[in-house]
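One structure is given here, and the rest of the page talks about it.
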Ligand SMILES: [Zn+2]
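In this note's numbering, the protein residues as written are 2 to 340.
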């Protein structure tokens, strides 16, 4: 068992199989300014240049020790390919969607003929090849992509999406189905290009924005269809305190569920989920990894390990100004725990 390489260990842990020690990775955004300065591969260029995307991603593995390579750094690649307008942000601000192709309705939805050639999808597939060449076959490649709920809201605007959820239930379901189709197609492009794990942050599905009843009746069936149509290990990340929907998330057929520190009781979270999924997290990105000390990161990591976390990781995207030593402390804490 101690012969496991990083990829085998992470995949086994995500599937709930026993491993020699808990893997320590990030399934959410990893890039920090320290490493942008170190590598010379910085935002916003690293969102659109395959070499820079790859170099910055690999540095989180080689310099910070994270046991996987996680990229890209935004939730806008598929949105852009589907016709959204993107603001690429700055060195320390992530890209965001600023223009929506379907704010007026769902009558003329257009699925691109060749999605793999659209927007920055070729950049991500090229970066995948470069990363694989750099790190070899034994380090897991974790590709991030926006989930169907978040993509649907980007296609029509969050405001319209929220409104349709109440006043135009048919349009709401139509845009969700369309977004789910696009997510499945993009995920399969990623799988065909050799990624090992797909991490799907779907922040708009959070109980902060969508009621648990909507999640159960409308969003969950789409997430299940996505998961059943994508043949690799998958992680679902939903922001906020997901305690009210955790049991439903466990039904979504993703191998792993990535949760924030806002889910306070890890032991009962594990009980709720049971053997339907594994749990990843949940060191606070804003309060500990960004603004704490390495000792505080370790304390929080050990608490997660004691709570039975299956994969040790930040609770949400790492903030760009997080110190390198705090990211390093994630893996150090795991090593100390298992020493
Ligand atoms: Zn999050």
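All C-beta atoms in this analysis are idealised placements derived from N, C-alpha and C, irrespective of residue type, glycine included.
* Straight-line gap, residue 148 to residue 259 (C-alpha atoms, nearest Å) -> If you number the chain shown from 1, residue 148 lands on position 147. If you number the chain shown from 1, residue 259 lands on position 258. Distance between the alpha carbons of residue 148 and residue 259: 13 Å.
* **Proximity test, residue 75 beta-carbon vs ligand 1 heavy atom, cut-off 7 Å** => Your numbering for residue 75 matches position 74 in the chain shown. Every heavy atom of ligand 1 is 7 Å or more from the Cβ of residue 75, so no.
* Determine the contact status of residue 69 and residue 190, defining contact as a CB-CB distance below 8 Å. => In the chain shown, residue 69 corresponds to position 68, counting from 1. In the chain shown, residue 190 corresponds to position 189, counting from 1. With contacts defined as CB atoms closer than 8 Å, residue 69 and residue 190 fail to qualify as a contacting pair.
* Distance between residue 290 and residue 328 (C-alpha atoms, nearest Å) -> Taking the first residue of the chain shown as position 1, residue 328 is located at position 327. Taking the first residue of the chain shown as position 1, residue 290 is located at position 289. Going by the C-alpha atoms only, they are around 7 Å apart.
* To do: Please determine, among 93, 66 and 86, the residue with the shortest C-alpha to C-alpha distance to residue 332.
  => For the purposes of this step, residue 332 is taken as residue 331 along the chain shown, with counting starting at 1. Comparing Cα positions, the closest option is 66.
* Quick one, what's near ligand 1 if you take every residue whose CB is closer than 5 Å to any heavy atom, in chain order? -> 240 and 317
* Asked: Does DSSP classify residue 81 as helix, strand or coil?
  -> Within the chain shown, numbered from 1, the residue matching residue 81 stands at position 80. Residue 81: helix per DSSP, three-state reduction.
* How is residue 337 classed by DSSP in three states: helix, strand or coil? -> Here residue 337 corresponds to residue number 336 of the chain shown, with the count starting at 1. In the three-state reduction of the DSSP assignment, residue 337 falls in the helix class.
* **Three-way DSSP call (helix, strand, coil) for residue 60 in this model** => Here residue 60 refers to the residue found at position 59 of the chain shown. Correct three-state label for residue 60: helix.
* Give every residue of the same chain whose Cβ lies closer than 8 Å to the Cβ of residue 256, excluding the five residues on either side of it in the sequence, and list them in chain order. => In the chain shown, counting from the first residue as 1, residue 256 sits at position 255. Around residue 256: 15, 16, 17, 234, 235, 236, 278 and 279.
* Proximal residues to residue 176 (C-beta, below 8 Å), its chain only, five neighbours per side dropped -> Within the chain shown, numbered from 1, the residue matching residue 176 stands at position 175. Cβ neighbours of residue 176 beyond the five flanking positions: 103, 107, 110, 153, 156, 157, 162 and 165.
* Counting only the same chain and skipping the five closest in sequence on each side, list residues whose C-beta sits under 6 Å from that of residue 186. => Within the chain shown, residue 186 is the residue found at index 185, counting from 1. Excluding residues within five positions, the ones whose Cβ falls inside 6 Å are 116.
* In the DSSP assignment, find the alpha helix (DSSP H) that holds residue 239 and state where it starts and stops. => On the chain shown, residue 239 is found 238 positions in, with the first residue counted as 1. Looking at the DSSP string, residue 239 is not in any alpha helix (DSSP H), and its letter there is neither H nor E.
* **Straight-line gap, residue 86 to residue 78 (C-alpha atoms, nearest Å)** => For the purposes of this step, residue 86 is identified with residue 85 of the chain shown, where counting begins at 1. For the purposes of this step, residue 78 is identified with residue 77 of the chain shown, where counting begins at 1. When rounded, the distance between both Cα atoms is 11 Å.
* To do: Please name the residue in 89, 94 and 5 whose C-alpha comes closest to that of residue 19.
  => As a position in the chain shown, residue 19 is number 18, starting the count at 1. If we check each option's Cα against that of residue 19, 5 comes out closest.
* Using only alpha-carbon positions, find the residue among 127, 83, 100 and 95 that is nearest to residue 114. => As a working mapping, residue 114 is identified with position 113 in the chain shown. That would be 83, whose Cα lies nearest to the Cα of residue 114.
* **residue 1: first and last residue of the uninterrupted beta strand (DSSP E) it sits in** => With the chain running from 2 to 340 in the structure shown, residue 1 is simply not present.
* Asked: residue 197 and residue 319: beta carbons closer than 8 Å?
  -> The sequence position of residue 197 within the chain shown is 196, counting from 1. The sequence position of residue 319 within the chain shown is 318, counting from 1. No, these two residues do not count as a Cβ contact at 8 Å.
* **First through last residue of the alpha helix (DSSP H) which encompasses residue 153** => Residue numbering aside, residue 153 sits at position 152 when the chain shown is read from its first letter. Looking at the DSSP string, the run of the alpha helix (DSSP H) that includes residue 153 is 149 to 157.
* To do: Can you grab the Cα-Cα spacing for the pair residue 112 / residue 23, in whole Å?
  => Taking the first residue of the chain shown as 1, we reach residue 112 at position 111. Taking the first residue of the chain shown as 1, we reach residue 23 at position 22. Whole-angstrom Cα-Cα distance: 41 Å.
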